[in-house]
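Chemist:
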Amino acid sequence: MNTRLTKWLNDGLPPAQVAGWAGNSVAVLLATYARCVDGQLPDLKRRLEVAGGLPEAEVPGAG
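For what it's worth, the numbering used here labels the leading residue of the sequence shown as 439, then goes sequentially.
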């Protein structure tokens with residue numbers, strides 16, 4: 439089961455869905471498997487580029 443959960447997370451399935459299938463909360467799932475999730479950064483960067491990126495973060499105390 440652990441390998442399956444890791445694969446699902448690495449394949450980009452929503453953590454809430456994977457947690458539901460595993461019978462855990464999202465917090466427990468991510469606390470357990472966050473270190474195993476790998477390889478999603480290129481896809482996330484591509485999605486951000488398509489969506490127009492993120493708004494600039496405000497720096498507290500600046501300006």
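Note that beta-carbon positions come from the ideal geometry of N, C-alpha and C, so glycine has one too.
For clarity, every value in this text was computed on a predicted model and none was experimentally measured.
1. Counting only beta-carbon separations shorter than 8 Å, does L443 have a partner in chain C?
2. From what residue to what residue does the alpha helix (DSSP H) around V464 run?
3. Alpha carbon to alpha carbon, what distance is there between Q455 and G461?
4. Can at least three beta-carbon pairs, one atom from the stretch 469-482 and one from the stretch 441-448, be found at a separation below 8 Å?
5. Evaluate A465 with the Cβ neighbour count: other Cβ atoms within 10 Å of its Cβ, from every protein chain shown; 16 or more gives buried, anything less gives exposed.
Modeler: So, from the listed chains and residues:
1. Within the model displayed, chain C is absent; a lone protein chain is all it includes.
2. To locate residue 464, count along the sequence shown from 1; it is residue 26. First-last of the alpha helix (DSSP H) with V464: 464-471.
3. By 1-based counting over the sequence shown, the position of residue 461 is 23. By 1-based counting over the sequence shown, the position of residue 455 is 17. So the alpha carbons of these two residues sit roughly 10 Å apart.
4. yes
5. Taking the first residue of the sequence shown as 1, we reach residue 465 at position 27. Exposed: under 16 other Cβ atoms inside 10 Å.
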